[in-house]
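Letter by letter, the sequence shown follows residues 1 to 125 of my numbering. By construction, the Cβ of each residue, glycine as well, lies at the ideal position given by its N, Cα and C atoms. Written below as structure tokens is the structure these notes are about.
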Amino acid sequence: MRLYILIGLTLLLFLSGCYTKPVRHLASDASLIKSGESTRQEVLQYLGEPNGRRTVGPGVEELVYYEGKRNLLRRSPVIGAMMDDQGYELLIITLTGNLVTNSEFRIFKKGEMDRFEGFTWDEVE
Numbered sequence: 001m002r003l004y005i006l007i008g009l010t011l012l013l014f015l016s017g018c019y020t021k022p023v024r025h026l027a028s029d030a031s032l033i034k035s036g037e038s039t040r041q042e043v044l045q046y047l048g049e050p051n052g053r054r055t056v057g058p059g060v061e062e063l064v065y066y067e068g069k070r071n072l073l074r075r076s077p078v079i080g081a082m083m084d085d086q087g088y089e090l091l092i093i094t095l096t097g098n099l100v101t102n103s104e105f106r107i108f109k110k111g112e113m114d115r116f117e118g119f120t121w122d123e124v125e
């Protein structure tokens, strides 16, 4: 019995040592973006390269940032790859020229992002 407890504690210690903290926090980073004040360079400095972008009209562009929200099991190194994300955070920033004119932050539960399937965003390489 002691052996099973020891193995269990060792395994728990091993898995907790593999935990890594996500780098991007869209909710807090979105608060740094001010419509009418922030520039393209500031957006790229705060958020990095977008996950997608599209041209909406002449001189108007949308940058899209998204990140999956992970539950506790999803964060574990071995079984986490087999689990789905709990939901998604989405940030859409509208630029007119080099100035931010609008920014929208949304949180979607699992399954709500299905409506974006087939939506044509230009992939950023």
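Please report the straight-line C-alpha distance between Phe-105 and Gly-97, rounded to a whole angstrom. Distance between the alpha carbons of Phe-105 and Gly-97: 21 Å.
Among Tyr-65, Thr-94 and Thr-10, which residue has its Cα nearest to the Cα of His-25? When the alpha-carbon of His-25 is set against those of Tyr-65, Thr-94 and Thr-10, the nearest one is in Tyr-65.
What residues in its chain sit with their C-beta under 6 Å from that of Val-60, if we drop five residues either side in the sequence? Result list for Val-60: Thr-96, in chain order.
Helix, strand or coil for Gly-57, going by three-state DSSP, please let me know. Of the three classes helix, strand and coil, the one that applies to Gly-57 here is strand, per DSSP.
What separation, rounded to the nearest whole angstrom, lies between the Cα atoms of Leu-91 and Leu-9? If I take the Cα positions, the gap works out to 40 Å.
Buried/exposed call for Ala-30, threshold 16 Cβ in 10 Å: Counting Cβ neighbours within 10 Å, Ala-30 comes out buried, since at least 16 surround it.
Quick one: using the 10 Å Cβ neighbour count with 16 as the cut-off for buried, is Ser-35 buried or exposed? With fewer than 16 other CB atoms across the displayed protein chains lying within 10 angstroms of its CB, Ser-35 is exposed.
Mind checking whether Thr-39 and Leu-99 have CB atoms under 8 Å apart? Going by C-beta atoms, Thr-39 is nearer than 8 Å to Leu-99.
Bridge partners - Lys-98, DSSP secondary structure assignment: For clarity, residue 98 is Asn in the given sequence; the question names Lys instead. For Asn-98, which the question treats as bridged, DSSP gives no partner whatsoever.
List the residues that DSSP assigns as beta-bridge partners of Leu-127. Here the chain has residues from 1 to 125 only, and residue 127 is not among them.
Taking Ile-93 and Ile-33 to be in contact with their CB atoms under 8 Å, please state how far apart those CB atoms are, rounded to whole angstroms. Contact between Ile-93 and Ile-33 holds, with the beta-carbon distance rounding to 6 Å and staying under 8 Å.
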